[in-house]
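No gaps in the numbering here: position 141 of the sequence shown is 399 in this note's numbering, and each next residue is one more.
Backbone N, C-alpha and C fix where the C-beta goes; we use that ideal spot for every residue, glycine too.
First comes the structure, then the notes that go with it.
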Amino acid sequence: YYNNASKVVKTIVNSITAFGAVLMPRLSLYYSEKNTKQIKNDLSLFLKVITMFTFPAAVGILLTSEEIVMLLFGRDFYSSIITLKILSLLIILMPLSGGIFGQLLLTIGDEKKYFICVFFGAAINFILNFILIRKYLENGAAVASIITEFCVVILMIFMSIKKIKLKFDYKYYLKIFFGIGIMSIFCIVFDNFNLQIGYLIKFLIKVVVSILIYFIVLFLLKNEIIMSIFNKKRKCNKISDE
Numbered sequence: 259y260y261n262n263a264s265k266v267v268k269t270i271v272n273s274i275t276a277f278g279a280v281l282m283p284r285l286s287l288y289y290s291e292k293n294t295k296q297i298k299n300d301l302s303l304f305l306k307v308i309t310m311f312t313f314p315a316a317v318g319i320l321l322t323s324e325e326i327v328m329l330l331f332g333r334d335f336y337s338s339i340i341t342l343k344i345l346s347l348l349i350i351l352m353p354l355s356g357g358i359f360g361q362l363l364l365t366i367g368d369e370k371k372y373f374i375c376v377f378f379g380a381a382i383n384f385i386l387n388f389i390l391i392r393k394y395l396e397n398g399a400a401v402a403s404i405i406t407e408f409c410v411v412i413l414m415i416f417m418s419i420k421k422i423k424l425k426f427d428y429k430y431y432l433k434i435f436f437g438i439g440i441m442s443i444f445c446i447v448f449d450n451f452n453l454q455i456g457y458l459i460k461f462l463i464k465v466v467v468s469i470l471i472y473f474i475v476l477f478l479l480k481n482e483i484i485m486s487i488f489n490k491k492r493k494c495n496k497i498s499d500e
């Protein structure tokens with residue numbers, strides 16, 4: 259039950275975390291030039307882009323976990339639904355540790371601190387699994403993974419900000435949460451209709467409509483990433499017309 263739920267989450271996480279490989283060479287260059295201002299700007303922008311996708315993806319998995327398990331694994335794995343709901347938080351946490359703050363520690367030459375974070379996480383995970391799996395089985399393992407990853411992220415942030423203090427745009431993240439809120443309301447209302455349709459159709463409707471709602475809300479709230487893409491596209495169309 260745990261492994262199947264974990265595969266779904268890690269497929270999404272690995273796709274998002276892979277973007278961190280693009281970031282690291284730029285950070286290494288700026289760090290060698292002692293250009294901390296550019297490191298801050300790039301990391302802040304990267305954090306905004308990552309969270310714009312990870313937060314709604316995590317909530318999306320949470321709200322469609324039943325459809326995902328039924329479609330991919332069948333009724334025999336119905337118990338994986340709760341496990342998948344718990345593990346959905348990893349979609350937010352793992353890109354922060356492996357994709358952003360872990361990359362930052364490696365870039366600025368703090369491999370020892372990175373190793374401390376990883377070792378600390380492994381120790382916490384072992385202890386929590388030993389305690390929780392006995393009583394809560396696969397869900398205990400899921401909770402242990404969430405707590406472990408959360409601790410690693412907090413520790414990495416604490417060690418990173420000693421060298422590089424990132425900008426945190428509260429208004430930006432409030433817009434993200436508002437978009438997720440509207441998207442979530444749609445999914446909850448849709449589920450309450452109890453329509454007699456297959457899991458596949460239900461899943462597709464929830465995913466497609468939720469994505470549209472989320473990005474339309476961000477566009478209406480003038481999310482800087484969305485507006486930047488929109489303005490570049492409009493500029494390119496204008497140049498091509500000329």
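- Isoleucine 446 and leucine 424 have their C-alpha atoms some 35 Å from each other.
- By the Cβ criterion, the region 309-327 is not in contact with the region 373-380, since fewer than three pairs of Cβ atoms, one from each stretch, lie closer than 8 Å.
- By the beta-carbon neighbour count (other beta carbons within 10 angstroms, threshold 16), serine 264 is buried.
- Contact between isoleucine 340 and valine 401 does not hold, since the beta-carbon distance rounds to 11 Å and is not under 8 Å.
- DSSP places phenylalanine 408 within a helical segment (H, G or I) once states are collapsed to three.
- The C-beta distance from lysine 433 to asparagine 489 rounds to 17 Å, too long to meet the 8 Å contact threshold.
- DSSP places leucine 424 outside both helix and strand once states are collapsed to three, so it counts as coil.
- Under the criterion of beta carbons closer than 8 Å, isoleucine 366 and tyrosine 288 do not qualify as touching, at roughly 10 Å.
- A residue is called buried when at least 16 other Cβ atoms come within 10 angstroms of its Cβ; tyrosine 372 meets this threshold and is buried.
- Cβ-Cβ distances below 7 Å link isoleucine 349 to Val267, Ile270, Val271, Thr312, Ala315, Ala316, Ile319 in the same chain, with the five nearest sequence neighbours on each side left out; the list follows chain order.
- Taking C-beta atoms as the reference points, isoleucine 358 and leucine 413 fail to come closer than 7 Å.
- Rounded to whole angstroms, the Cβ separation of methionine 417 and aspartate 368 is 7 Å, and the two are in contact under 8 Å.
- Below 8 Å, too few C-beta pairs join the region 297-304 and the region 320-337 to call them touching: fewer than three.
- For threonine 322, the secondary structure class from DSSP, reduced to helix, strand or coil, is coil.
- For leucine 478, the uninterrupted alpha helix (DSSP H) segment begins and ends at 457-478.
- Glutamate 396 counts as buried, since at least 16 other C-beta atoms from the protein chains shown sit within 10 angstroms of its C-beta.
- With respect to the C-alpha of leucine 362, the residue from Lys421, Ser486, Leu342 having the closest C-alpha is Lys421.
- Here glutamine 454 carries a coil assignment [DSSP, helix/strand/coil].
- For the 7 Å CB-CB criterion, serine 338 and asparagine 262 form a contact.
- Using a Cβ distance threshold of 7 Å, leucine 351 and valine 411 count as a contacting pair.
- Following the DSSP letters along the chain, one finds leucine 345 inside the alpha helix (DSSP H) bounded by residues 338-345.
- Here glycine 437 carries a helix assignment [DSSP, helix/strand/coil].
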